[in-house]
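Novice: Read in order, the letters of the sequence shown are residues 1400 to 1534 in the working numbering.
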Amino acid sequence: MVRLFQEDLKSSPFWMIVACSLVNMTTWRQAQPIHEELRKKYKGPDGLAVAGGELEEMIRPLGLWRRRGKSLRLMSTVWNMIEPTTGEDVLDLPGCGSYASDSWMIFVEGKLPDKCPIDNYLSAYWRRLKDDKDR
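#1: Cα separation between Glu1456 and Arg1467?
#2: Are Lys1369 and Phe1506 closer than 9 Å when you measure CB to CB?
#3: Alpha carbon to alpha carbon, how far is Lys1514 from Leu1521?
#4: Please state whether the Cβ-Cβ distance between Tyr1524 and Leu1403 is less than 9 Å.
#5: Here's the rule I'm using: 16 or more other beta-carbon atoms within 10 Å means buried, otherwise exposed. How should Gly1509 be labelled?
#6: Note the first and the last residue of the continuous alpha helix (DSSP H) segment covering Cys1419.
#7: With a threshold of 6 Å on Cβ separation, who are the neighbours of Val1422 within its own chain once the five nearest residues in sequence on each side are excluded?
#8: For Ser1470, which option in Asn1479, Ala1448, Leu1461 and Asp1501 has the closest C-alpha, if you only look at C-alpha atoms?
#9: Assign Ile1433 to one of two classes, buried (16 or more other C-beta atoms within 10 Å of its C-beta) or exposed (fewer than that).
#10: Keeping to the same chain, check which residues put their C-beta closer than 6 Å to that of Gln1405; ignore five residues upstream and five downstream.
#11: Can you give me the C-alpha to C-alpha distance between Gly1446 and Lys1529, rounded to a whole angstrom?
Next comes the structure, spelled out in structure tokens:
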């Protein structure tokens, strides 16, 4: 079984959600070095919320850099106002959908979503947890 990045980031929920955004239309292998750069430079949601144009330059290799940059700033701003506590709250963050919400439920809350996630890796992980729970 492939180790998911969420397992390593679950103790830093904000950065796990940022990672979920970065892997949209790309892989963790490509996104990981950029994620590490963002963590070092911006430290948390306060820094990322006010990031300048250098943010887009950092994330440009992943593609969708304009949309991602705008989304990451908005998500960080909202996070600063209302930090999520549930997977449902994550859905209210700009740029976050079911992948981020399912990741939050599984890795931060330690819950299994009612239905199988759409993402292949996350669904395999979900099935394994469900099988373990049903035994």
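Backbone N, C-alpha and C fix where the C-beta goes; we use that ideal spot for every residue, glycine too.
Specialist: Put simply:
#1: Counting from one through the sequence shown, the residue named residue 1456 turns up at place 57. Counting from one through the sequence shown, the residue named residue 1467 turns up at place 68. Distance between the alpha carbons of Glu1456 and Arg1467: 11 Å.
#2: In this structure the chain extends from 1400 to 1534, so residue 1369 is not present and cannot be described.
#3: Walking along the sequence shown from the start, residue 1514 turns up at place 115. Walking along the sequence shown from the start, residue 1521 turns up at place 122. Their Cα atoms are separated by approximately 12 Å.
#4: Against the sequence shown, residue 1524 aligns to sequence position 125. Against the sequence shown, residue 1403 aligns to sequence position 4. Against a cut-off of 9 Å, the Cβ pair of Leu1403 and Tyr1524 comes out as a contact.
#5: As a first step, residue 1509 must be located in the sequence shown, where it is residue number 110. Exposed, because fewer than 16 other Cβ atoms sit within 10 Å of the Cβ of Gly1509.
#6: Against the sequence shown, residue 1419 aligns to sequence position 20. Start and end: Pro1412 to Leu1421.
#7: Translated into the one-based positions of the sequence shown, residue 1422 becomes position 23. If we look at Val1422 and ignore the five residues flanking it on each side, its Cβ neighbours are Ala1430.
#8: As a first step, residue 1470 is located in the sequence shown; it is residue number 71 there, counting from the start. With distances taken between Cα atoms, Ser1470 lies closest to Ala1448.
#9: For the purposes of this step, residue 1433 is identified with residue 34 of the sequence shown, where counting begins at 1. Classification for Ile1433: buried.
#10: For the purposes of this step, residue 1405 is taken as residue 6 along the sequence shown, with counting starting at 1. Met1415, Ser1502 and Phe1506.
#11: On the sequence shown, residue 1446 is found 47 positions in, with the first residue counted as 1. On the sequence shown, residue 1529 is found 130 positions in, with the first residue counted as 1. The alpha-carbon atoms of Gly1446 and Lys1529 are separated by roughly 38 Å.
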